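Numbering (our numbering), first residue to last: 1 to 116. Every residue, glycine too, gets a C-beta built ideally from N, C-alpha and C. Note that this is a predicted model, so its numbers are computed, not measured. Contents: one structure, followed by commentary.
See the structure below:
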C-alpha cells in the first residue's frame, strides 16, 4: 500500500466591512451579495445591521465584487482585493423615478479605506 502524506495548508482570511450610506431612513436588513471577480454569484450574502454595516470573512489576496439591493435598485462595488482594505463605504443617492420605469439606479460611489 502506498504511503499517504497529509499536508495542512493555512489560508489567511480577513474581515471586510461594507458600510451602506444611503438616503433611506432604514438601513437595517439591506442584502449585500458576494460575487467573484468574474461576476459569478458565490452563494453568500449578509443583511445590514441597524447602522447599515455587513461583515464578510474572506481569503486574503482574492478579489471580489459586492452588490447591495436597495429599493428595487442594484448597486455594485468596484473590484475589491481582500487584504489591506478593511472597510468599504457605499454612498447611494435616492433612486430616480421616470415614466415607464419603476426604479432606475442612480450614481453609486464607493469609498475604500485602508487599515487603521
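Check	Outcome
Chain-order list of residues whose beta-carbon lies under 6 Å from that of residue 12 (same chain, five-residue window excluded)	60
Residue 89 beta carbon less than 8 Å from that of residue 21	yes
Delimiting residues of the beta strand (DSSP E) encompassing residue 131	As shown, the chain starts at 1 and ends at 116. That puts residue 131 outside it, with no answer to give.
Range of the contiguous beta strand (DSSP E) that encloses residue 59	53-59
Nearest candidate by alpha-carbon position, reference residue 66, set 49, 4 and 17	17
Element boundaries [beta strand (DSSP E), containing residue 69]	63-70
Spatial neighbours of residue 52 in its chain, beta-carbon cut-off 8 Å, leaving aside the 5 residues before and after	19, 20, 21, 22, 27, 28 and 30
Helix, strand or coil at residue 95 according to DSSP, with G and I counted as helix	At residue 95, the pLDDT of 45 sits below 50, so the modelled position is not reliable; the number obtained from the coordinates is stated separately. In the structure shown, residue 95 sits in coil (DSSP, three-state: anything other than H, G, I, E or B).
Residue span of the beta strand (DSSP E) that contains residue 21, given as start and end	13-22
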